[in-house]
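Chemist:
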Amino acid sequence: RRSDDGPPRTYTDGMTRPRELRRNTVPGRGYRPFDAHRRATVRRARQHRRRLDTNSDLSAVVSELLAQRWSPQQISRHLRLRFLDDPSMWLCHESIYQAVYQPNSRFLRPSRLAPHRRSPLRTGRDHRRAHHRKQRRNGRFQQPMLTIHDRPFPAIDRSEAGHWEGDLIIGDNHLSAIGTLVERQTRMVRLVHLPRADSDSLHAALVARMKDLPAALMRSITWDQGTEMARHLATTEKLGAPVYFCDSRSPWQRGSNENTNGLLRDYFPKGVTLINHPPAHLRAVEHELNHRPRMVLQDRCPADLFAALLASQKPSVLRR
1114 RRSDDGPPRT YTDGMTRPRE LRRNTVPGRG YRPFDAHRRA TVRRARQHRR RLDTNSDLSA
1174 VVSELLAQRW SPQQISRHLR LRFLDDPSMW LCHESIYQAV YQPNSRFLRP SRLAPHRRSP
1234 LRTGRDHRRA HHRKQRRNGR FQQPMLTIHD RPFPAIDRSE AGHWEGDLII GDNHLSAIGT
1294 LVERQTRMVR LVHLPRADSD SLHAALVARM KDLPAALMRS ITWDQGTEMA RHLATTEKLG
1354 APVYFCDSRS PWQRGSNENT NGLLRDYFPK GVTLINHPPA HLRAVEHELN HRPRMVLQDR
1414 CPADLFAALL ASQKPSVLRR
């Protein structure tokens, strides 16, 4: 209801006021503001300490997994699976974020961080901030191209393996790049070493990196409209897999790849050259990413799922 001489009541008012009255009303005496304030002061002094501050074993496990670049969500789910019968070792992901973001957090001590990092989180942040949408590059092709709307339904709903999403992560001054590919069903990651970020270099490197896969696991590639994929018809001919292009300025249409590129920025920060990362280092990064449990895969690892498909060469239907 709205008062004639005051501002309208909000939804929060309807929840907060009854709680306050229930909490601080004394039978036979009613609600007394000074008594309510005194009780609130006592309760605040008695508030619980964070579980990470009181449980050294839990803190050690969380620190170890953060050092391995696990996300708070992955850690939270892993704790419940690893300590099934010990709820004292469980923790929600928000508690981990709060522990990292709190002032003078022990998780931000230099001794617990890699040399180039200021935070154990893959974003590199030591405080919360809003996300900003980044601009994407566009390109035009002389050759006819297939669009993402031409993809077969098994590629769209992830019911069939072998459909990949790809893109480049760009180094300092756009002078270096690494190709990134993610298999849509298993989230398997493959990285492509590029001497240059032009179409000829990408075509040769992409074919060399993916030609070892059987046809059942190399069915299509979805890419954005960057000029580096100008030789897409030659790539299709060599790999036997069509290349589909996203709509202009629509990186969300390659959601799995965009998410993976965010993970990779923890290893390859923006503003640095990517030329000095040899193929052996890219394979090590692949291995670490592909052996992390994924929530979207019901806490299974991409490497295990992809290995099973390689062994059978008969892609099975996995849950999305």
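The sequence shown stops at residue 1433 when you use my numbering, and every number in between is there.
From the three backbone atoms N, C-alpha and C, an ideal C-beta is built for every residue, glycine too.
Here the structure is a predicted model, which is why all the values come from computation and not from measurement.
What runs of the beta strand (DSSP E), each 3 residues or longer, lie entirely inside the segment 1332-1359?
Modeler: 1333-1336, 1356-1358
Chemist: Taking 7 Å as the threshold (C-beta atoms), are Gln1411 and Pro1327 in contact?
Modeler: no
Chemist: Can you give the Cα-Cα distance for Asp1299 and Asn1372, rounded to whole angstroms?
Modeler: A quick correction: the sequence has Thr, not Asp, at residue 1299. For Thr1299 and Asn1372, the distance between alpha carbons rounds to 14 Å.
Chemist: Out of Leu1204, Asn1374, Asp1199, Ala1397, state which residue places its alpha-carbon closest to the alpha-carbon of Ile1188.
Modeler: Leu1204
Chemist: Apart from the five residues just before and just after Arg1197, which ones in its own chain have a Cβ nearer than 7 Å to its Cβ?
Modeler: Here residue 1197 is Leu; the residue named in the question, Arg, does not match the sequence. There are no such residues.
Chemist: Buried or exposed: which applies to Asp1402, given that a residue is buried once 16 or more other Cβ atoms fall within 10 Å of its Cβ?
Modeler: The amino acid occupying residue 1402 in the given sequence is Leu; Asp does not appear at that position. Buried, since its Cβ has 16 or more Cβ neighbours within 10 Å.
Chemist: Over the uninterrupted beta strand (DSSP E) stretch that includes Ala1290, give me the two end residues.
Modeler: 1290-1296
Chemist: Since Glu1371 is in the alpha helix (DSSP H), which residue starts that stretch and which ends it?
Modeler: 1368-1377
Chemist: Is there a Cβ from chain C that is less than 7 Å from the Cβ of Gly1143?
Modeler: The structure shown contains no chain C; it holds only a single protein chain.
Chemist: Bridge partners of Arg1152, per DSSP?
Modeler: According to DSSP, Arg1152 bridges with nothing at all.
Chemist: I'd like to check one pair, Ala1274 with Ser1333: are the Cβ atoms closer than 7 Å?
Modeler: No. Outside cutoff.
Chemist: By a C-beta neighbour count over all protein chains shown, 10 Å radius and 16 as the cutoff for buried, is Val1295 buried or exposed?
Modeler: buried
Chemist: Is it true that the CB of Asp1337 sits closer than 7 Å to the CB of Cys1359?
Modeler: yes
Chemist: Using 8 Å as the threshold, is the segment 1206-1216 in touch with the segment 1156-1176, meaning 3 or more CB pairs across them?
Modeler: yes
Chemist: Can you name, in chain order, every residue of its own chain whose Cβ lies under 7 Å from the Cβ of Glu1399, other than the five neighbours on each side?
Modeler: Cβ neighbours of Glu1399 beyond the five flanking positions: Val1302, Arg1303, Leu1304.
Chemist: Applying the 10 Å Cβ sphere with the 16-neighbour rule, what's the burial state of Leu1192?
Modeler: buried
Chemist: My output table needs one value for Ala1129: the three-state DSSP class, helix, strand or coil.
Modeler: First, the amino acid is wrong: residue 1129 is Thr here, not Ala. If DSSP states are grouped into helix, strand and coil, Thr1129 belongs with the helices.
Chemist: By alpha-carbon positions, which one of Asn1137, Ala1212, Gly1143 ends up nearest to Thr1167?
Modeler: Nearest C-alpha to Thr1167: Ala1212.
Chemist: Suppose you measure from the CA of Val1320 to the CA of Ser1201; what does that come to, to the nearest Å?
Modeler: 50 Å
Chemist: What is the rounded straight-line gap between the Cα of Asp1263 and the Cα of Asp1199?
Modeler: CA-to-CA, the gap between Asp1263 and Asp1199 works out to about 50 Å.
Chemist: For Trp1365, which option in Gly1353, Ala1290, Asp1280 has the closest C-alpha, if you only look at C-alpha atoms?
Modeler: Asp1280
Chemist: At what residues does the beta strand (DSSP E) containing Asp1325 begin and finish?
Modeler: Counted as a single uninterrupted DSSP element, the stretch harbouring Asp1325 is not any beta strand (DSSP E), since DSSP gives it neither H nor E.
Chemist: Does the distance from the C-beta atom of Thr1293 to that of Asn1389 stay below 7 Å?
Modeler: no
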